[in-house]
Every structure is written in C-alpha cells, then in structure tokens.
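Each residue of the sequence shown is one higher than the last, beginning at 198 in the working numbering.
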Amino acid sequence: MAIGEEVDVMPTPSPKLTAVPAWLSFCSLGHFTMHYSILILFIVATSLVGCHSPTVISTQTAAPLSFRSMFVTTLGTNTTLDGSWRVAVSETSLDLSHMRGGGWTTTAIPAPTKQAVGWTPTHAGWLVFAESESRVWAYDGDRLLVLHTYESSGNNSHEATYFDSRFPSPVPSEVYSRLSEPAQKASQLHE
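Right, dumping it as structure tokens:
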C-alpha cells in the first residue's frame with residue numbers, strides 16, 4: 198500500500214440487533230431516570246417495611262391465683278399454686294417458707310436431737326398439708342404433729358410454730374383422719 202492509494206475499506210458487519218425484553222428496558226434509560234427509579238424503589242420498599250404491623254403485646258395481667266390447699270407426701274420442694282407457701286421436705290429437715298414482699302421467710306424444723314423434738318419423715322404416712330394462706334400442718338407419720346402459722350397485716354407479720362397438742366386452731370379433718378391413734382389422742386383441740 199502506498200501513500201495516497203485508495204483503499205477499499207470493507208465495512209464491518211454490524212452486530213445483529215435483537216429485541217430487548219421488557220424487564221430489561223429500564224437499563225436503557227438515561228442516567229437521571231435510573232437515579233429516580235432507584236429512589237422510587239427505595240421509597241416503596243421503606244414504606245412496605247414501615248407498614249408492617251408489630252406484634253401487639255398485651256399489658257393485661259392475669260388475675261392472681263386464689264389459694265388452694267396442698268398435700269405433700271414425697272420428698273422434694275413444692276409450692277402452692279398461688280405461690281404463698283413453699284414446702285421443702287428432706288430426710289433431715291422440713292423447711293416451711295412463706296412469700297412476703299417478693300422474698301421468702303423460712304422456718305426450718307431440723308431432725309430431732311436428744312434435747313429437742315424434730316422432723317424425720319421416715320415413718321409411713323408422713324405428710325405436710327398447706328391448709329390456708331396462714332397455716333401449714335406437718336405430721337411425721339408417728340407422733341409428731343406441727344402447725345406453722347403466718348399472719349400479716351400491712352408491714353407487720355408474725356410467725357409461730359406449735360408442736361403436739363398446743364394448737365391455737367383445730368386440726369383439720371384432712372390431717373386428723375391420717376394421724377395415728379396416739380397422735381389423734383394428743384391433738385385434743387380437734388373438732
């Protein structure tokens with residue numbers, strides 16, 4: 198090829214144009230239109246997320262459970278349905294706890310010693326009976342019958358534990374019917 202010589206330039210074939218699918222047509226939009234499309238998509242997505250209703254949590258509280266008496270005849274810890282008494286029975290101790298002001302007050306009745314009467318559930322027929330919000334009875338299955346009371350008035354409370362026949366109230370029939378004959382005779386205030 199020499200300078201000034203005419204060259205026949207053969208045009209390069211243009212690529213074959215095909216139809217653009219409709220869902221890709223936004224790609225051919227101008228620069229500003231693309232920014233607006235993204236902005237619109239962002240606003241719609243944010244609105245949809247904002248329209249989602251959060252789960253409504255009820256602020257109503259259930260009515261407090263009323264007291265129900267409770268029998269305990271197995272070792273372990275049991276609490277009355279209303280949560281007023283917790284009774285922990287082991288082979289060496291009986292712990293009677295009453296709920297007061299968000300905490301427990303506990304009276305422990307340990308195993309007997311040479312000097313003192315105590316708790317031992319080694320006899321068949323032992324039981325603990327939460328009679329009311331203020332009284333719990335415990336029977337060792339032999340001769341020992343215990344009444345633990347809890348009274349509360351405002352900020353003042355009083356607890357007392359009674360052994361054998363010096364009870365300020367009658368032995369409930371649910372307990373009396375399960376006592377041995379000597380224990381029944383010792384509980385003179387039964388009605």
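We put the CB at the ideal spot given by N, CA and C, even for glycine. A quick note: this is a predicted structure, and the numbers were derived from the prediction, not measured.
Asked                                                                                                : Found
Spatial distance of residue 377 from residue 316 (CA atoms)                                          : 16 Å
Under 9 Å between C-beta atoms of residue 294 and residue 307                                        : no
Local Cβ density within 10 Å of residue 363, reported as buried at 16 or more and exposed below that : exposed
6 Å CB neighbourhood of residue 296 in its chain, flanking five on each side removed                 : 280 and 281
Inside the segment 262-330 only - beta strand (DSSP E) runs reaching at least 3 residues             : 267-269, 273-276, 282-286, 290-297, 300-307 and 324-327
Neighbour-count burial assignment, residue 348, 16 or more Cβ in a 10 Å radius                       : exposed
Assigned exposure category for residue 321 - 16 Cβ within 10 Å defines buried                        : exposed
Buried or exposed (CB count within 10 angstroms, at least 16 for buried), residue 388                : The predicted model places residue 388 with a pLDDT of 46, which falls under 50 and marks its position as unreliable; any figure quoted below should be read in that light. Classification of residue 388: exposed, given that the 10 Å Cβ count is below 16.
Alpha-carbon to alpha-carbon, residue 330 and residue 343                                            : 16 Å
Three-way DSSP call (helix, strand, coil) for residue 370 in this model                              : helix
Cβ-based neighbour list, residue 262, same chain, cut-off 7 Å, excluding 5 preceding and 5 following : 278 and 279
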